[in-house]
Amino acid sequence: LNDLRISLAFIFGLANASLDDPESGLDAAAVERIRNPTQHQHFLDDDLDLKAAVKLSTLNCRMRRRTMNQRAKF
1 LNDLRISLAF
11 IFGLANASLD
21 DPESGLDAAA
31 VERIRNPTQH
41 QHFLDDDLDL
51 KAAVKLSTLN
61 CRMRRRTMNQ
71 RAKF
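Under this note's numbering, the first residue of the sequence shown is numbered 1, with each subsequent residue one higher.
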């Protein structure tokens, strides 16, 4: 019963959440960025560090999936 109360409190909290709520911990600049995100496109060729990070993350996901598939066979 306590788990249900906690779950309902969480759901109601989400339903009543607001970016303007001081308890959100967001400053005015963060709220502005959320409401009006940048409109320009990012290209991986423009940022070699980001490109390397994306490649590494993709490789990591593939390896994890492959490992899980191999474990499932046993």
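Glycine is no exception: its CB is placed at the ideal position from the N, C-alpha and C atoms.
Computed from a predicted model, the values in this text were never measured in an experiment.
Beta-carbon proximity list for residue i, same chain, < 8 Å, skipping 5 on both sides
i	result
His42	Leu50
Limits of the unbroken alpha helix (DSSP H) element including residue i
i	result
Leu50	48-73
Asn2	2-15
Glu32	28-35
Alpha-carbon to alpha-carbon, residue j and residue i
i	j	result
Asp27	Ala53	29 Å
Ala72	Arg64	12 Å
Leu48	Lys55	10 Å
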